[in-house]
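According to mature numbering (1 follows the signal peptide of the UniProt record, and there is no 0), the stretch in the sequence shown is residues -21 to -1, 1 to 98, in order.
Built from N, CA and C at the ideal position, the CB exists for glycine as well.
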Amino acid sequence: MRLSRSLAPLTVALCLVLSLAYDATPHARVQAHRTASPEPFGATCLIRVTGSHVTAYCHNPYVLVDRVSLHIECDRWWDVDSDGTEVAAGPAQTVRLTGRCWQEVRSVWVSHRGEGKAG
């Protein structure tokens, strides 16, 4: 089917108008509701592995309490991995977490959990 010469420019113009991005059309310019940005959170942890012993120092520079926990994965299949208990790192506080394997350490990480909002 062949378009006549008078319909071809109209068809091209219609395709261009329809292909405009939705955000560029006037009805799409509605301001999104701004939500309050979350407060900074989370202690910074320095982890040191010395042989089979692990020590982590976590410093919380923020107002919210960060509950940190040390997790150790041991290299040997028979060596018991460990998940430490949660320790509350309050505002401007540094906490020390320790643990160990019987032999080599495969991996270590610290988990973080917030404790409500600042008063």
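{"Item": "For the beta strand (DSSP E) containing Tyr41, list its first residue and its last residue.", "Value": "Tyr41 -> no beta strand (DSSP E), and no H or E assigned at all."}
{"Item": "To which residues does DSSP link Gln72 through a beta bridge?", "Value": "Asn39"}
{"Item": "Under 8 angstroms between the Cβ atoms of Leu25 and Leu49?", "Value": "no"}
{"Item": "Residue range of the beta strand (DSSP E) that Asp60 falls in?", "Value": "Unbroken run through Asp60: none, as it is neither H nor E."}
{"Item": "Rounded to the nearest angstrom, what separates Ala62 and Gly93 at their Cα positions?", "Value": "Before going on, a small fix: residue 62 reads as Asp here, not Ala. Answer to the nearest angstrom: the Cα atoms are 18 angstroms apart."}
{"Item": "Please name the residue, chosen from Cys37, Arg27, Gln72, that lies closest to His91 on a Cα-to-Cα basis.", "Value": "Cys37"}
{"Item": "Taking the straight line between their C-alpha atoms, what separation do you get for Ala7 and Val84?", "Value": "The predicted position of Ala7 is uncertain, since its pLDDT is 49 and thus under 50; no value can be drawn from it."}
{"Item": "Just to confirm the assignment, what range does the beta strand (DSSP E) spanning Glu52 have?", "Value": "45 to 53"}
{"Item": "Measuring alpha carbon to alpha carbon, tell me which of Gly69, Ala71, Val59, Gly21 ends up nearest Ser86.", "Value": "Val59"}
{"Item": "Kindly list the residues whose CB is nearer than 7 angstroms to the CB of residue 146, restricted to its own chain and excluding five residues on each side of it in sequence; keep chain order.", "Value": "An answer regarding residue 146 cannot be provided, because it is not within the stretch -21 to 98 covered by the chain."}
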